Amino acid sequence: MKKDAVMVLSGGMDSVTMLHDYADDIALAVTFGYGSNHNAREAECARLHCKLTGIELIEIDLAFMGRYFESSLLSGADAIPEGYYTADNMKSTVVPFRNGIMLAVAAGLAESRGLKAVMIANHAGDHAIYPDCRAGFIDAMGKAIAEGTFDRLELRAPYTLLTKSDIARRGKELGIDYSTTYSCYKGREHHCGKCGTCVERREALADAGIVDTTVYDSELL
794 MKKDAVMVLS
804 GGMDSVTMLH
814 DYADDIALAV
824 TFGYGSNHNA
834 REAECARLHC
844 KLTGIELIEI
854 DLAFMGRYFE
864 SSLLSGADAI
874 PEGYYTADNM
884 KSTVVPFRNG
894 IMLAVAAGLA
904 ESRGLKAVMI
914 ANHAGDHAIY
924 PDCRAGFIDA
934 MGKAIAEGTF
944 DRLELRAPYT
954 LLTKSDIARR
964 GKELGIDYST
974 TYSCYKGREH
984 HCGKCGTCVE
994 RREALADAGI
1004 VDTTVYDSEL
1014 L
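This is how it looks when you write it as structure tokens:
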């Protein structure tokens, strides 16, 4: 099968799993710098896994988001709340319409390259807090991408109804070393272990029976 998709790749657990899981379909990956605390560390992981899979990676600067958008994810490590995604304080980590912006750019890349699809690794664990990860958004954005492109590009989001634990189990089958991915919203050298994405990461790895070799900040655990 000919590779026909552009994938939005962050360098976190979910998108790295999808990169390996669908490597036979992905012609190009794109990662975005938008000013988040953890952008730089995620980008390092994205580069590594594109090298491992032999998939071309484009890095695009969306610095305007960091300058003009409001989110604790763009405001330094100390602004990041701790706990579960279901807690109200986690709403501060939403970067307004982030996935919509990134998918729009990815669609433009796909059409420019003569490809047929765009892929994103949203999943069910994000639905509670992030509107642009939910099935309704994916359906609507898929229609917009199809209507806005000559070849009616397809939006593929095969993890939409999976949990992070489901994704980790798939990664285990694929032999992915999750210590070469980055999740922490605080963006420090070591994962904090307590922000929403760290908590979700720890629980998913445990559920999947994967030995967690992530280096956490021992002072905070």
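For the sequence shown, my numbering gives the first residue as 794, with consecutive numbering after it.
Even for Gly, the Cβ is constructed at its ideal location relative to N, Cα and C.
These numbers come from a predicted model, not from an experiment.
In this structure, the straight-line span from the alpha carbon of residue 936 to that of residue 912 is close to 14 Å. DSSP places residue 1008 outside both helix and strand once states are collapsed to three, so it counts as coil. For residue 872, same chain residues with a beta-carbon under 6 Å away, outside a window of 5 residues either side, are 865 in chain order. One thing to note: residue 856 has its Cβ no nearer than 8 Å to the Cβ of residue 802. Taking a cut-off of 8 Å for Cβ pairs, the stretch 887 to 898 and the stretch 810 to 828 touch, as three or more such pairs fall below it. Residue 824 is bridged by DSSP to 852. Note that the stretch 939 to 947 does not touch the stretch 846 to 856; fewer than 3 beta-carbon pairs, one per stretch, sit closer than 8 Å.
Around the beta-carbon of residue 997, 16 or more other beta-carbon atoms lie within 10 Å, marking it buried. For secondary structure counted as the alpha helix (DSSP H) over 4 or more consecutive residues, the stretch 901 to 983 holds these complete runs in sequence order: 928 to 940, 957 to 967. Ranked by Cα distance from residue 956, the first of 819, 810, 929 is 810.
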